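Structure record follows, encoded as structure tokens.
Number of protein chains: 2
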Amino acid sequence: MKSEKITEAATSRRRRYDDACGTAHALDLIGDRWALLVMRELLLGPRRFAELRADLPGISANVLTQRLGELEAIGVVVRQRLPPPAAVQVYALTDWGAECEPILAVLGRWATRSPWHDPTLPLSAVSLLISFRTMFDPARAGDLRATIGFRIGAGSYRVAIAAGTLAAERGNVVGTDAVITAPAPAIAGVVYAGQPLAGLDIAGDAALVARFVTLFPLPAKVGVTVPAAAP
Amino acid sequence: MKSEKITEAATSRRRRYDDACGTAHALDLIGDRWALLVMRELLLGPRRFAELRADLPGISANVLTQRLGELEAIGVVVRQRLPPPAAVQVYALTDWGAECEPILAVLGRWATRSPWHDPTLPLSAVSLLISFRTMFDPARAGDLRATIGFRIGAGSYRVAIAAGTLAAERGNVVGTDAVITAPAPAIAGVVYAGQPLAGLDIAGDAALVARFVTLFPLPAKVGVTVPAAAP
DNA sequence: CGGCATCCGGGAAGATACTG
DNA sequence: CAGTATCTTCCCGGATGCCG
Numbered sequence: 001m002k003s004e005k006i007t008e009a010a011t012s013r014r015r016r017y018d019d020a021c022g023t024a025h026a027l028d029l030i031g032d033r034w035a036l037l038v039m040r041e042l043l044l045g046p047r048r049f050a051e052l053r054a055d056l057p058g059i060s061a062n063v064l065t066q067r068l069g070e071l072e073a074i075g076v077v078v079r080q081r082l083p084p085p086a087a088v089q090v091y092a093l094t095d096w097g098a099e100c101e102p103i104l105a106v107l108g109r110w111a112t113r114s115p116w117h118d119p120t121l122p123l124s125a126v127s128l129l130i131s132f133r134t135m136f137d138p139a140r141a142g143d144l145r146a147t148i149g150f151r152i153g154a155g156s157y158r159v160a161i162a163a164g165t166l167a168a169e170r171g172n173v174v175g176t177d178a179v180i181t182a183p184a185p186a187i188a189g190v191v192y193a194g195q196p197l198a199g200l201d202i203a204g205d206a207a208l209v210a211r212f213v214t215l216f217p218l219p220a221k222v223g224v225t226v227p228a229a230a231p
Numbered sequence: 001m002k003s004e005k006i007t008e009a010a011t012s013r014r015r016r017y018d019d020a021c022g023t024a025h026a027l028d029l030i031g032d033r034w035a036l037l038v039m040r041e042l043l044l045g046p047r048r049f050a051e052l053r054a055d056l057p058g059i060s061a062n063v064l065t066q067r068l069g070e071l072e073a074i075g076v077v078v079r080q081r082l083p084p085p086a087a088v089q090v091y092a093l094t095d096w097g098a099e100c101e102p103i104l105a106v107l108g109r110w111a112t113r114s115p116w117h118d119p120t121l122p123l124s125a126v127s128l129l130i131s132f133r134t135m136f137d138p139a140r141a142g143d144l145r146a147t148i149g150f151r152i153g154a155g156s157y158r159v160a161i162a163a164g165t166l167a168a169e170r171g172n173v174v175g176t177d178a179v180i181t182a183p184a185p186a187i188a189g190v191v192y193a194g195q196p197l198a199g200l201d202i203a204g205d206a207a208l209v210a211r212f213v214t215l216f217p218l219p220a221k222v223g224v225t226v227p228a229a230a231p
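Order-wise, the sequence lines are chains A and B.
The end of the first sequence is residue 231 by my numbering, with every number in the run present.
The end of the second sequence is residue 231 by my numbering, with every number in the run present.
Structure, rendered in structure tokens:
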């Protein structure tokens with residue numbers, strides 16, 4: 001019964017591009033609305049249904065259920081039941097699913113050039129951390145070596161910079177050089193919209209944080225050359 | 001009047017993600033059905049409406065009209081009227097629009113690992129040429145230096161390989177070391193599905209073509225570990 | 001023929017309420 | 001908390017027709 005559903009969802013989708021192009025096939029697999037954003041929210045580790053719903057503003061429960069089922073059917077997401085006592089169900093990316101990160105990175109970099117991109121909209125913690133991976137500029141970091149902890153809502157994360165590389169992951173903040181406690185949009189406002197550092201709760205090396213927030217330059221906006229109608 | 005339509009289409013779309021994440025904004029801009037594939041068809045130069053429709057199997061005229069209008073409104077496509085005598089209208093990518101190529105490349109590479117990817121489906125000439133850019137393996141090319149011409153339907157293209165780089169563009173085939181005349185799916189079948197070279201019409205250096213078709217290895221398929229239902 | 005508007009049917013997405 | 005059921009909205013796709 002379940003296997004029928006798997007093959008049905010994976011192979012005989014109603015609306016598909018009949019195209020050998022890999023791009024078209026990718027869109028057949030993960031081109032549905034919300035699909036890529038669900039995968040984004042799983043990039044830093046397994047999540048529960050309610051967490052996903054809370055961090056995907058505007059998704060409805062039935063659509064989330066449907067997307068998770070389809071992503072599971074194509075082998076991008078697996079459903080895991082944690083062992084007792086915490087016998088809750090979580091969703092995780094498969095290895096192949098996790099390989100979607102370059103897709104998110106390239107899409108994000110392309111879109112930050114858009115004249116309509118608004119970095120002050122709501123933002124999930126995972127989005128922020130992944131954006132650090134995407135937008136990190138090794139040249140600006142130079143030989144900086146530091147770790148910074150983040151407390152965002154109920155979650156904690158750590159970012160390590162060393163030898164021109166950046167690692168961002170879920171984890172506790174003990175032993176980091178500085179700890180930032182703030183909502184994700186507030187941090188994004190400082191890093192990506194030039195808002196003052198004063199809005200953040202910073203513990204530890206404040207000078208380090210002041211430098212950290214300069215390591216993620218946005219590409220130049222495309223000129224507002226939207227073709228106007230000829231008079 | 002036109003400007004109203006522009007701001008309407010670009011800023012007040014009905015169904016949008018309220019998310020500062022760059023990926024989400026990219027999907028707001030070019031996440032609609034067919035949008036990326038329309039951009040793909042323009043990557044090798046301006047095209048006319050009927051050409052686009054012919055190379056996007058299954059798109060309907062009104063959807064193509066709508067997509068082109070939206071892509072124009074956001075500044076990704078421009079409409080050009082060629083000067084007389086060939087006073088026809090063509091659609092072209094803007095500079096920003098052309099920067100979508102890494103998106104197509106990354107999506108395509110990710111999807112070729114799919115167990116359901118079928119390289120024998122229909123394929124447009126542009127898709128094939130762009131796939132050469134995406135899948136080219138410099139290590140396999142070594143110090144090969146060659147040019148190959150393609151006659152696909154009514155169009156002609158040329159691929160130049162030198163110093164471990166590949167260039168693929170529209171252009172005539174004169175002066176190339178070999179010329180392949182065949183439909184795009186037939187060429188794709190040889191390069192990506194291991195079909196015999198015999199099916200292609202080859203003029204010039206046949207040994208070069210035999211090597212050329214080995215320069216585009218596909219990544220390993222993901223194991224068929226689609227989670228089965230527990231018995 | 002090229003491009004666009006309009007109408008219609010089907011189906012996916014969105015919102016809300018409800019259940020184990 | 002983790003979904004399911006139901007209803008509405010609206011996008012996609014196909015057909016037709018208008019107009020240059």
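Just so you know, even glycine gets a beta-carbon here, dropped at the ideal spot from N, CA and C.
Here the structure is a predicted model, which is why all the values come from computation and not from measurement.
Three-state secondary structure (DSSP) at residue i?
{"i": "residue 89 of chain B", "result": "strand"}
{"i": "residue 95 of chain A", "result": "helix"}
{"i": "residue 147 of chain A", "result": "strand"}
{"i": "residue 159 of chain A", "result": "strand"}
{"i": "residue 15 of chain B", "result": "coil"}
{"i": "residue 31 of chain B", "result": "coil"}
{"i": "residue 194 of chain B", "result": "coil"}
{"i": "residue 181 of chain B", "result": "strand"}
{"i": "residue 154 of chain B", "result": "coil"}
{"i": "residue 10 of chain A", "result": "Note that residue 10 of chain A scores 48 on pLDDT, short of 50, meaning its location in the model is unreliable; the coordinates nonetheless yield the value given after this. It is helical."}
{"i": "residue 170 of chain B", "result": "strand"}
{"i": "residue 222 of chain A", "result": "coil"}
{"i": "residue 134 of chain A", "result": "helix"}
{"i": "residue 78 of chain A", "result": "strand"}
{"i": "residue 47 of chain B", "result": "strand"}
{"i": "residue 120 of chain B", "result": "coil"}
Starting from the C-beta of residue i, find all residues in its chain whose C-beta is less than 7 Å away, skip the five residues before and the five after it, and write them out in chain order.
{"i": "residue 53 of chain A", "result": "59, 61, 64"}
{"i": "residue 212 of chain A", "result": "148"}
{"i": "residue 75 of chain A", "result": "94, 96"}
{"i": "residue 186 of chain A", "result": "199, 200"}
{"i": "residue 219 of chain B", "result": "109, 112, 113"}
{"i": "residue 177 of chain A", "result": "146, 147, 148, 204, 205, 208"}
{"i": "residue 79 of chain A", "result": "72, 89, 91"}
Return the first residue and the last residue of the alpha helix (DSSP H) that residue i is part of.
{"i": "residue 20 of chain A", "result": "Taken as a continuous stretch (DSSP letters only), residue 20 of chain A belongs to no alpha helix (DSSP H), as it is neither H nor E."}
{"i": "residue 104 of chain B", "result": "101-111"}
{"i": "residue 71 of chain A", "result": "61-73"}
Within its chain, find whatever has a CB closer than 6 Å to the CB of residue i; leave out the 5 residues flanking it on each side and keep chain order.
{"i": "residue 104 of chain B", "result": "40"}
{"i": "residue 217 of chain B", "result": "137"}
{"i": "residue 100 of chain A", "result": "39"}
{"i": "residue 168 of chain B", "result": "129, 132, 133, 159"}
{"i": "residue 156 of chain A", "result": "172, 173"}
{"i": "residue 50 of chain A", "result": "none"}
I'd like to check one pair, residue j with residue i: are the Cβ atoms closer than 7 Å?
{"i": "residue 42 of chain B", "j": "residue 121 of chain B", "result": "no"}
{"i": "residue 119 of chain B", "j": "residue 192 of chain B", "result": "yes"}
{"i": "residue 215 of chain A", "j": "residue 145 of chain A", "result": "no"}
{"i": "residue 34 of chain A", "j": "residue 67 of chain A", "result": "yes"}
{"i": "residue 151 of chain A", "j": "residue 45 of chain A", "result": "no"}
{"i": "residue 112 of chain A", "j": "residue 22 of chain B", "result": "yes"}
{"i": "residue 201 of chain A", "j": "residue 182 of chain A", "result": "yes"}
{"i": "residue 106 of chain A", "j": "residue 106 of chain B", "result": "yes"}
{"i": "residue 179 of chain B", "j": "residue 203 of chain B", "result": "yes"}
{"i": "residue 20 of chain A", "j": "residue 29 of chain B", "result": "no"}
{"i": "residue 56 of chain A", "j": "residue 27 of chain A", "result": "no"}
Is residue i buried or exposed, if buried means 16 or more other CB atoms sit within 10 Å of its CB?
{"i": "residue 153 of chain A", "result": "exposed"}
{"i": "residue 133 of chain B", "result": "buried"}
{"i": "residue 163 of chain A", "result": "exposed"}
{"i": "residue 72 of chain A", "result": "buried"}
{"i": "residue 194 of chain A", "result": "exposed"}
{"i": "residue 229 of chain B", "result": "Low local confidence applies: a pLDDT of 33 at residue 229 of chain B is under 50, so the model's placement there is unreliable, and no value is given."}
{"i": "residue 165 of chain B", "result": "exposed"}
{"i": "residue 125 of chain B", "result": "buried"}
{"i": "residue 197 of chain B", "result": "exposed"}
Beta strand (DSSP E) containing residue i: first to last residue?
{"i": "residue 202 of chain B", "result": "201-204"}
Among residues of its own chain, excluding the 5 on either side of residue i, which ones have a beta-carbon nearer than 8 Å to its beta-carbon?
{"i": "residue 189 of chain B", "result": "119, 120, 195, 199"}
{"i": "residue 88 of chain A", "result": "48, 81, 82"}
{"i": "residue 114 of chain B", "result": "221, 222"}
{"i": "residue 32 of chain B", "result": "67, 70"}
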